[in-house]
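Read through the structure below, which is laid out as structure tokens, and then see the notes.
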Amino acid sequence: MKLIDLALGNEQFSHVILIPVLTSFLLLMNRSPLLTSHSWSPAGGTWVMFSGAVCYWLADGISSVQDHLTVAILAFIVMCWGLYLFTFGHESFRTNLFAMMLLLFMIPLPPILLDAVISFLQHSSADTVEATFSGLGIQAIRKGFTFELSNFVILIEEECSGIRSFFALVITSLVAGHWFLASGWAKTILVAVVIPLAIIKNAFRIVGLALLANNVDPAFLLDSVLHRYGGIPLFISSFALLSIITWLLHRIEQRLECALHDGSRAQT
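Here our numbering is used: position 235 in the sequence shown is 720, and no number is missing along the way.
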């Protein structure tokens with residue numbers, strides 16, 4: 486219940502309630518190991534569940550509410566892993582390893598890690614906004630996260646870091662890589678692309694709203710439908726670009742596989 490309240494009340498954790506749904510969908514799509522498994526691992530599963538129970542017991546000694554929730558959710562996930570091992574065995578667990586590991590995204594980041602991610606995105610967005618203003622020939626005086634335009638002053642706050650769309654794009658890239666890519670290098674590239682993609686998307690949103698507020702009406706940045714929901718079209722655009730990159734990486738994998746196959750045939 487605390488996790489649901491946190492996800493619904495804080496956009497930085499809004500993705501966590503979707504992870505069980507996504508994991509269930511992945512298990513449904515790859516349900517053959519579940520339906521055909523005739524083995525189980527009571528010893529291994531029991532040890533893993535016991536480890537999760539110990540982890541949950543340790544969480545009771547943590548005074549910070551968010552840190553307690555982080556350890557408690559980790560304990561819950563470990564116990565889910567143990568239950569899966571107990572019921573379906575090691576082979577089935579290995580087959581659905583990606584879906585099991587995806588559950589880790591349910592864990593709220595500890596404040597120290599969350600602040601580090603937000604700070605990185607905030608600084609990177611500010612740098613990209615500054616470069617965009619400069620490239621467009623727009624005079625903007627930067628002071629930290631503040632930009633002074635001719636008629637308006639904008640401040641890139643933590644809420645403007647774009648962390649929600651960043652996590653969404655990271656999860657999307659991991660799932661896309663799992664489904665459509667075979668090699669580790671291609672999956673790594675796809676996830677790495679998300680970092681600049683999320684930063685550029687967020688910077689474009691900030692620049693667009695800032696220019697509208699400066700030249701048309703300050704309400705565009707203060708309280709408008711575009712301010713509240715303008716990130717959705719940009720996220721869809723980022724998703725489309727990520728799909729294209731996934732397709733290109735898949736094509737490169739196919740070409741390399743064909744080249745290696747032709748080379749091995751030539752040697753024989």
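C-beta: ideal position from N, C-alpha, C; glycine also.
* Asked: For the beta strand (DSSP E) that Phe632 lies in, which residues bound it at each end?
  -> Thr631 to Glu633
* To do: Please report the Cβ distance between Thr617 and Ala688, rounded to the nearest whole angstrom; I am assuming they are in contact, meaning their Cβ atoms lie under 8 Å.
  => 6 Å
* Asked: Hey, would you say Leu654 sits closer than 8 Å to Leu734, going by beta carbons?
  -> no
* Asked: In terms of residues, what are the limits of the beta strand (DSSP E) holding Arg627?
  -> Ile626 to Lys628
* Cα-Cα separation between Leu513 and His523, rounded to whole angstroms -> 18 Å
* Same chain, Cβ closer than 7 Å to Gln607, neighbours up to 5 away in sequence not counted -> Phe630, Ile641, Glu643 and Ser646
* By the 10 Å Cβ neighbour count, where 16 or more other Cβ atoms means buried, how is Phe535 classified, buried or exposed? -> exposed
* **Leu771 versus Ala671: straight-line alpha-carbon distance, rounded** => Given a span of 486 to 753 for the chain in the structure shown, any question on residue 771 remains unanswerable.
* Segment limits, beta strand (DSSP E) that includes Val563 -> It is not in any beta strand (DSSP E) - Val563 instead sits in the alpha helix (DSSP H) that spans Val550 to Thr580.
* To do: Would you identify the three-state DSSP class for Val638, choosing helix, strand or coil?
  => strand
* Sorted by chain position, which residues of the same chain lie with C-beta nearer than 6 Å to Val679's C-beta, five sequence neighbours on each side aside? -> Leu654, Val655 and Ser658
* **Cβ pair count under 8 Å reaching 3, the segment 618 to 626 against the segment 570 to 589** => no
* What are the boundary residues of the alpha helix (DSSP H) that includes Val678? -> Gly669 to Asn700
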